[in-house]
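Input: a single structure, listed below in structure tokens.
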Amino acid sequence: MDVCSPLPSALDFVGVARLTCRLCPKQQQAKAACGFLGPQSPPAGRSLLTLDLDSADGDRDQGTATCHGAARQTRESARAADWQERPGGGSGLVSEQQESWSNSMGGASCPVDEQQDPRQERPGGGSGPAAASAVLDFSDPFSSEVKPRILLMGLRRSGKSSIQKVVFHKMSPNETLFLESTNKICREDVSNSSFVNFQIWDFPGQIDFFDPTFDYEMIFRGTGALIFVIDSQDDYMEALARLHLTVTRAYKVNADINFEVFIHKVDGLSDDHKIETQRDIHQRANDDLADAGLEKIHLRNERGKAMGQTEFLFLFQNSGIEKAFLFDVVSKIYIATDSTPVDMQTYELCCDMIDVVIDISCIYGLKEDGAGTPYDKESTAIIKLNNTTVLYLKEVTKFLALVCFVREESFERKGLIDYNFHCFRKAIHEVFEVRMKVVKSRKVQNRLQKKKGATPNGTPRVLM
Ligand SMILES: Nc1nc2c(ncn2[C@@H]2O[C@H](COP(=O)(O)OP(=O)(O)OP(=O)(O)O)[C@@H](O)[C@H]2O)c(=O)[nH]1
Numbered sequence: 001m002d003v004c005s006p007l008p009s010a011l012d013f014v015g016v017a018r019l020t021c022r023l024c025p026k027q028q029q030a031k032a033a034c035g036f037l038g039p040q041s042p043p044a045g046r047s048l049l050t051l052d053l054d055s056a057d058g059d060r061d062q063g064t065a066t067c068h069g070a071a072r073q074t075r076e077s078a079r080a081a082d083w084q085e086r087p088g089g090g091s092g093l094v095s096e097q098q099e100s101w102s103n104s105m106g107g108a109s110c111p112v113d114e115q116q117d118p119r120q121e122r123p124g125g126g127s128g129p130a131a132a133s134a135v136l137d138f139s140d141p142f143s144s145e146v147k148p149r150i151l152l153m154g155l156r157r158s159g160k161s162s163i164q165k166v167v168f169h170k171m172s173p174n175e176t177l178f179l180e181s182t183n184k185i186c187r188e189d190v191s192n193s194s195f196v197n198f199q200i201w202d203f204p205g206q207i208d209f210f211d212p213t214f215d216y217e218m219i220f221r222g223t224g225a226l227i228f229v230i231d232s233q234d235d236y237m238e239a240l241a242r243l244h245l246t247v248t249r250a251y252k253v254n255a256d257i258n259f260e261v262f263i264h265k266v267d268g269l270s271d272d273h274k275i276e277t278q279r280d281i282h283q284r285a286n287d288d289l290a291d292a293g294l295e296k297i298h299l300r301n302e303r304g305k306a307m308g309q310t311e312f313l314f315l316f317q318n319s320g321i322e323k324a325f326l327f328d329v330v331s332k333i334y335i336a337t338d339s340t341p342v343d344m345q346t347y348e349l350c351c352d353m354i355d356v357v358i359d360i361s362c363i364y365g366l367k368e369d370g371a372g373t374p375y376d377k378e379s380t381a382i383i384k385l386n387n388t389t390v391l392y393l394k395e396v397t398k399f400l401a402l403v404c405f406v407r408e409e410s411f412e413r414k415g416l417i418d419y420n421f422h423c424f425r426k427a428i429h430e431v432f433e434v435r436m437k438v439v440k441s442r443k444v445q446n447r448l449q450k451k452k453g454a455t456p457n458g459t460p461r462v463l464m
């Protein structure tokens, strides 16, 4: 998440929402006031709620890394696409390929494909290469500040484009079989929701970016996270060598990059083999770094988390909530959850619930002329399961929903849950307000810099 400035510190905290930004090199904290109540209210100042909104982070213990595993998410998202244009005119996930052109990347001629949310406003309102380069101007450090950049790298056919297409384009995993090898960098703006808002660059595995003709420093300089995809069904020795080279070079250019190793295509492996492969890759990758005297580079081994998932500790202990997810409604990516383990069934149940709410709202919740939005601040749902658990969904922002699992007896204190939810929602809104302010002030700063005719570091522009 690209919140990079702390909230005003003058707030009187009862609970504290901590928000860090891993995609942004600055990694600052934002705090929001929240006054949770429980049967016994917590002592003032005690942190009841901690959000670690780390877009490049996620649950490390769950699931398997496979596009096939993401099938469900894709299917759900496809349905959500039906309504995503409606809520408040929000921009959707579906990106449309706009242009393909050669980009002089610091002198290197590198084919680049830009995909961008068609509904997203472009500075200057133009389209085509000129407008696009205004958005992704390599020489403009402000552009990389506004949208955190994630690089998807890895060997040929490791599954990079599939991950991107399945997660962000609602492509069915089976369709990825027909994906052609990428032969140019595909850059895409993912801006469907306030939380999922970054650029993702898919690098073709067949091109050697460390060839002297490429200015790889330019690529790594503004990067927040690098996801290196390894095909676990393939012999991964070559991939490990490439990973090592990539990580060491990237680190030299930008020590703030978060490195994620995504062990992909584990669907073809047995459970034991999955764990063994993950352990082996982790061990070898770290040994290679240690041999090179680079122990300080921290590689995170990920299997089974979708990109954009984040981690959060969300302690609603006093409300009796057993499990809570903060979902990006359109993509079904849970951007935060509490510290208890996540199992796939629970996640899928939440996805089903979101679908039910949206489907019913689309059918019965809109006015006769189709006006209104199927998801708004009134959106809420309660589903009682036959195992004495209650599923409770509530709107947090126009993009986010909180989905909780509550024991039936705890749900009798619904007023308390609602009060605490209200505090949580307020805190999230405060965080967004700060984000809006930051984005606004950056835009003003950017405009001023351009007006002055000076580059952001103060060097006068050479006007021809
Ligand atoms: N078994 C399995 N196959 C997958 C999975 N994800 C992708 N694939 C397949 O892997 C192949 C390569 O996928 P791509 O996404 O094109 O790989 P890439 O890394 O983008 O390849 P380049 O563009 O050449 O760098 C395709 O045939 C996919 O169907 C997965 O989770 N499991």
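Everything in the sequence shown is counted per UniProt numbering, starting at 1 for the first residue and increasing by one.
Even for Gly, the Cβ is constructed at its ideal location relative to N, Cα and C.
According to the DSSP assignment, Gln233 belongs to no beta strand (DSSP E), since it is labelled neither H nor E.
For Pro204, the number of other beta carbons within 10 angstroms of its own is at least 16, and it is reported as buried.
The bridge partners DSSP lists for Gly370 come to none.
By the CB criterion at 8 Å, Lys377 and Glu395 fall inside the cutoff. Using a 10 angstroms sphere on the CB of Ala292, the tally of other CB atoms stays under 16, which defines it as exposed. The C-beta of His429 has fewer than 16 other C-beta atoms within 10 Å across all chains shown, which makes the residue exposed.
With contacts defined as CB atoms closer than 8 Å, Tyr419 and Cys404 fail to qualify as a contacting pair. The Cβ atoms of Cys351 and Lys323 lie no closer than 8 Å to each other. Taking 8 Å as the upper bound for CB-CB distance, Val229 and Phe259 are not in contact here, some 12 Å apart. Across the set Ala239, Phe424, Ser410, Met171, the C-alpha of Ala239 shows the shortest separation from the C-alpha of Asp280. When the beta-carbon positions are compared, Ala401 and Val342 stay at least 8 Å from each other.
Under the three-state reduction of DSSP output, Tyr375 falls in the coil class, being neither helix nor strand. Here His244 is near Asp288, since their CB atoms are less than 8 Å apart. In this structure Asp231 is buried. Its beta-carbon is surrounded by 16 or more other beta-carbon atoms within 10 angstroms.
Residue burial annotation: Lys274 is buried, with at least 16 other C-beta atoms found within 10 angstroms of its C-beta. Counting the other Cβ atoms within 10 Å of the Cβ of Ile360 gives fewer than 16, which makes it exposed.
Burial of Ile358 is indicated by the presence of at least 16 other C-beta atoms within 10 angstroms of its C-beta. DSSP places Tyr347 inside the alpha helix (DSSP H), whose first and last residues are 344-360. With contacts defined by Cβ atoms closer than 8 Å, Ser339 and Ile417 do not form a contacting pair. Leu155 and Ala371 have their alpha carbons spaced roughly 48 Å apart. For Glu175 and Phe411, the gap between their C-alpha atoms comes out near 43 Å. The alpha carbon of Ile219 has as its nearest neighbour, out of Asn254, Ala381, Phe178, the alpha carbon of Asn254. Sixteen is the threshold: since fewer than 16 other Cβ atoms of the shown chains lie within 10 Å of the Cβ of Asn183, the residue is exposed. When rounded, the separation of the alpha-carbon atoms in Asp235 and Glu180 is 21 Å. For Asp272, the secondary structure class from DSSP, reduced to helix, strand or coil, is helix. Assignment of beta-bridge partners to Phe228 by DSSP yields Met153, Val261. A Cβ-Cβ contact shorter than 8 Å links Thr397 with Phe432. Between Asp189 and Gln164, the gap from beta carbon to beta carbon reaches 8 Å or more.
In this structure, Arg156 has its CB closer than 7 Å to one or more heavy atoms of ligand 1.
Closest option to Thr380, judged by alpha-carbon separation, among Gln445, Gly365, Lys265: Gly365.
Of the residues assessed, Gly224 falls on the buried side of the cut-off, its CB having 16 or more other CB atoms within 10 angstroms. For the 8 Å CB-CB criterion, Met153 and Thr246 form a contact. In this structure, ligand 1 has a non-hydrogen atom nearer than 7 Å to the beta-carbon of Val229.
Going by DSSP, Leu448 is part of the alpha helix (DSSP H) stretching over 414-452. Contact annotation, Ile257 with Leu226: C-beta distance approximately 5 Å; criterion of less than 8 Å satisfied.
Rounded to whole angstroms, Ser172 and Val166 show a C-alpha spacing of 6 Å.
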